[in-house]
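*Asks:* What follows is a single structure, and I will ask about it in a moment.
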Ligand SMILES: [Zn+2]
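Residue numbers (my numbering): 201 to 294.
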């Protein structure tokens, strides 16, 4: 995943997608910031480890994760395990 793809997800992804993001250079965790402007807001992405990966993009509305996490967010880089409910949903017999 390159920086452009990371920013795409950072701007449009929901929390479950955004929290799995990692630095394209070192694999470290990323910090996402959403800064509201008068007309448009801006999402800033940067690596917490190597500082090599950084970018920003202007948006007309806040990305989905802002509603749940606020305007500053650090990714875990870890895919959340599928819950037992979802995992078993297709397997259990009536
Ligand atoms: Zn990095």
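C-beta atoms are modelled at their ideal positions from N, C-alpha and C, and glycine is treated no differently.
Taking the straight line between their C-alpha atoms, what separation do you get for residue 244 and residue 273?
*Replies:* Walking along the chain shown from the start, residue 244 turns up at place 44. Walking along the chain shown from the start, residue 273 turns up at place 73. For residue 244 and residue 273, the distance between alpha carbons rounds to 10 Å.
*Asks:* When DSSP labels each residue in this structure, what does residue 268 get in the three-state scheme?
*Replies:* On the chain shown, residue 268 is found 68 positions in, with the first residue counted as 1. Residue 268: helix per DSSP, three-state reduction.
*Asks:* Evaluate residue 295 with the Cβ neighbour count: other Cβ atoms within 10 Å of its Cβ, from every protein chain shown; 16 or more gives buried, anything less gives exposed.
*Replies:* As displayed, the chain neither begins before 201 nor continues past 294, which places residue 295 out of reach and without an answer.
*Asks:* Around the C-beta of residue 250, are 16 or more other C-beta atoms found within 10 angstroms, so that it is buried, or is it exposed?
*Replies:* Counting from one through the chain shown, the residue named residue 250 turns up at place 50. Flag for residue 250 reads exposed.
*Asks:* Closer than 6 Å is what we want: which residues have a beta carbon that near any heavy atom of ligand 1? List them in chain order.
*Replies:* 223, 225, 226, 228, 247, 249, 250, 252, 253
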